[in-house]
Amino acid sequence: MSAITIVNQGFAANPSGISLNRRGRLARTVVVLSLAIVLGSVVSAKAGAGTEAAATKAYSFITVTVAPGDTVWSLANRVAASGDVRSLVSEIISVNSLASVDLTAGQKLRIPLS
Numbered sequence: 008m009s010a011i012t013i014v015n016q017g018f019a020a021n022p023s024g025i026s027l028n029r030r031g032r033l034a035r036t037v038v039v040l041s042l043a044i045v046l047g048s049v050v051s052a053k054a055g056a057g058t059e060a061a062a063t064k065a066y067s068f069i070t071v072t073v074a075p076g077d078t079v080w081s082l083a084n085r086v087a088a089s090g091d092v093r094s095l096v097s098e099i100i101s102v103n104s105l106a107s108v109d110l111t112a113g114q115k116l117r118i119p120l121s
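Start counting the sequence shown at 8; every next residue gets the next number (the numbering used here).
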């Protein structure tokens, strides 16, 4: 009969030579979990989970039907008696979600009153 030699080529079960008892394994688990919780809170804070939404200004609106030749500037100029026309133009664009300042006749626009 031939002799068979078995050579252990695997990894050692405990390479550092340190063995932990039950209390040591529990402490290691608590440390790893606490680090995971801290890392998760940092990531969620960076993602904006802790931010608050900014309060929007409440407006009263009038609805205007655009006539031929009207522009956002001319409509804002009519409504803004003595206020800043530029800020009203930007408010009209943002309130109506306009992609550009081009208007078509018959289009209905909401104009905020200050």
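Quick reminder that beta carbons are idealized off the backbone N, C-alpha and C, glycines included.
- Ranked by Cα distance from Arg117, the options Gly47, Thr72, Ile25 are led by Thr72.
- For Ile69, there is no enclosing alpha helix (DSSP H); the enclosing beta strand (DSSP E) covers residues 67-72.
- Linking Ile25 to Thr12 through their CA atoms gives a straight-line distance of about 29 Å.
- Ala34 and Ser48 have their C-alpha atoms spaced approximately 21 Å apart.
- Pro119 has Phe68 as its beta-bridge partners, per DSSP.
- The Cβ atoms of Leu110 and Ser67 do not sit closer than 9 Å to each other.
- Between the alpha carbons of Arg29 and Thr36 lies a gap of roughly 11 Å.
- Counted as a single uninterrupted DSSP element, the alpha helix (DSSP H) harbouring Ala52 occupies residues 29-53.
- Nearest to Thr78 by alpha-carbon distance, out of Ala43, Leu27, Val96, is Val96.
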